[in-house]
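Okay, so here's the structure we're looking at.
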Amino acid sequence: MAAFKLEDFQNIDPNNVGNWPIPVKIVVILLVCILAAGAGFYFITQEQLAELDKKEQEETKLKEEFRTKQGEANSLEKLREQLKQIEDSFKELLKKLPTETEVPGLLVDISQTGLANGLNFELFQPLGERDGQGGFYKELPIKLRVRGTYHALGKFVSDIALLQRIVTQHNITIAPVPNSKSGDLTLDTTAKTYRYKDAEEEKASAPKPAAPPPAAAPAPKK
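In our numbering, the protein residues as written are 1178 to 1399.
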């Protein structure tokens, strides 16, 4: 193999590459290979590195989306459990609403609660059923006026609240009985009991669709 000499590089003719000394040709080939490798790295490897960086960013984004979706899925499961609890609570509340056939018995319970506390009924006036808010139940207001001692009236109000069926009391007023030697008071209130509407009542009370407007009369012929 020919030895490399400095004189070989000093006397080369750029226009006569074929006659260059072998050591010079070897050096030039090596330089060309190095430049080609550098260009390949710059134009090919750099592009691949940029693509790799892009993929890594996409992977990070997908992982973040996965964590977000996983959190939403966990929250959804909790919401389903809460909805189930609300539905169960609602069913329990519906059980406390009397049916239409149980309303008379509930009115008797209210009356007996007053008598059990030693009260005298001066007014017991059911006002008739009407639709409650939301439309899925009926409410029956009852005007009451009872007479008795302060403690008996308080016990009556408390016992009404403890009835198995829901009874609420509104517009309560208490006044002393004129000329009462025993210090009796009168209590005026509107007690409301409720019942769940059945499917037929719900359908009957549903808003009916508006009638279509009448067709326009045909224009008179000329």
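Beta carbons are placed, not taken as given, at the ideal position from N, Cα and C, and that holds for glycine.
Burial check for Tyr1327: the Cβ neighbour count within 10 Å stays below 16, so the residue is exposed.
In the DSSP assignment, Leu1300 falls within the beta strand (DSSP E) that extends over 1297–1303. In the pairwise beta carbon analysis, the region 1241–1259 is classified as not touching the region 1310–1325: fewer than three pairs are separated by under 8 angstroms.
Runs of the alpha helix (DSSP H) lying entirely within the region 1289–1368, each at least 4 residues long, are 1327–1338 in chain order.
By alpha-carbon distance to Asp1286, the top candidate from Phe1333, Glu1236, Lys1246 is Phe1333.
Distance from the CA atom of Ala1368 to the CA atom of Gly1295, rounded to whole angstroms, is 19 angstroms.
Contact between Leu1364 and Val1354 is ruled out by a C-beta separation of about 11 angstroms, above the 8 angstroms threshold. In summary, Arg1324 is buried, with 16 or more beta-carbon neighbours lying within 10 Å of its beta-carbon over all protein chains present. For Leu1270, the closest alpha carbon among the candidates Arg1342, Ile1351, Gly1360, Lys1320 is that of Arg1342.
Cβ-Cβ distances below 6 angstroms link Leu1304 to Pro1318 in the same chain, with the five nearest sequence neighbours on each side left out; the list follows chain order.
DSSP lists no bridge partner for Arg1244. Judged by their CB atoms, Ile1351 and Leu1330 are nearer to each other than the 8 angstroms cut-off.
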